[in-house]
Amino acid sequence: MRTVGLISAMASIVFAGFVILPRVFVTTLHVPEQYATIQSAIDAAPDGGAVRIGPGIYAETLEITKALALTGAPDGATRVVAGDAATAVTVRNTRRVRIEGLAVVGGDVGVLIEESEAVQLVANRIVGARFAGIRLSRAQALIKGNDVRAGSGPYGMGIELANTMSRPESLISGNTVAGATHEGIILHNAHATIQGNVVTANGLRGVSISEMSMAKVSNNKIVGNADAGIHVVDHSMAEIAGNQIARVGPGPEGKAHGIRAFYYAEVMLGRDNLIELDLEDAVVASFGATVERR
């Protein structure tokens, strides 16, 4: 049967000098007890509803186009397996979506968020996606506490934000991003705060800020990537502070830099970056790029 949870609303009634906060009923649907598939529960849920998913392997792809909370079982026991599909989980044309505790396996893209805002991806495990583990396109999201081990294809990326400048700033915080063939985290004409992540063992740059993007990059551990720990390029701007950058391997041109600014990029270099490279390779600017030390 359907269960009903109670939450406090952001509305009030004033009566005899007191503020009364009404309770709002939130419908929670359960998989597999009520619905055999996750998508059927999503389709049945009302706008602003919730879907709780039990442990198991669910061979399906998901599409969310309404406000919804989607919660998996503890310890990654809810596995959404997309196989060769284009996208495992899609959030499109909506607001106020929270996806928490899923293990998302396969797909060209693990989680795709398009034309949406106020999306939260929290404590998910995303593995085996070929092109990108998480991709935002003209969207905004909180991406927090996820384990992203994806981007296994020829141009694979862990987390990619593209064309998000018309949306509020995204926050990428506390994630582990590993194993992509190219960048761990990359922005294309996007803006975000990137903080407290572990970005490691990616085949190209750890963090790349490109195509007129804007970013604050702080307190990340960026270790064991190639070409550059943090790469800022193409008229992009970045504030960079408090990061650990180490074990940068040579890239396609044989270069290995800690922080690189290139092609009219602007870097504001804050304090406490720990860059474990030779001084001449630690911070490099070229082709009209500038680095301002603060």
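In the working numbering, the protein residues as written are 172 to 465.
All residues carry an ideal CB built from backbone N, CA and C; glycine is no exception.
Rounded C-beta distance between residue i and residue j? I'm assuming under 8 Å.
i: Y326; j: H353; result: 6 Å
i: L440; j: V419; result: Contact doesn't hold; Cβ gap of about 17 Å is too wide.
i: I228; j: G243; result: In fact, because the Cβ distance is near 12 Å, the residues do not count as touching under 8 Å.
As a quick exercise: from the options, pick the residue whose alpha carbon is nearest that of residue i.
i: E437; options: T208, V404 and E447; result: V404
i: G374; options: P421, Q210 and D255; result: P421
i: A274; options: V268, R267 and V282; result: V282
i: R119; options: I446, D218 and T242; result: Shown here, the chain extends from 172 to 465; a query on residue 119 therefore has no answer.
i: I235; options: M385, P339, G220 and A244; result: G220
i: V262; options: G322, L239 and N444; result: L239
i: A303; options: G355, D246 and T347; result: G355
i: Q415; options: A312, L445 and E451; result: L445
i: N334; options: K392, I284, R296 and G395; result: I284
i: A427; options: G278, E451, V222 and S389; result: E451
i: P339; options: N368, R309, G329 and E204; result: R309
Quick check: what's the CA-CA separation for residue i versus residue j?
i: N317; j: L200; result: 24 Å
i: R431; j: T364; result: 18 Å
i: D214; j: I343; result: 29 Å
i: A497; j: A212; result: Residue numbering for the chain in the displayed model covers 172 to 465; residue 497 lies beyond these limits and cannot be assessed.
i: V293; j: V260; result: 14 Å
i: R306; j: R442; result: 30 Å
i: G345; j: Q366; result: 7 Å
i: Y434; j: A399; result: 15 Å
i: T265; j: L448; result: 44 Å
i: A300; j: V348; result: 13 Å
i: L192; j: V290; result: Only weak support exists for where L192 lies, its pLDDT of 44 falling under 50; the coordinates are left without a value.
i: H402; j: T208; result: 42 Å
i: L313; j: S323; result: 24 Å
Which class does residue i belong to by DSSP, given the choice of helix, strand or coil?
i: L450; result: helix
i: A432; result: strand
i: D318; result: strand
i: P193; result: Unreliable placement is indicated for P193, whose pLDDT of 49 sits below 50; the coordinate value is still reported in the next sentence. Note: P193 maps to coil in three-state DSSP.
i: A289; result: strand
According to DSSP, residue i sits in a beta bridge with which residue or residues?
i: Y229; result: V251
i: L241; result: V222 and I270
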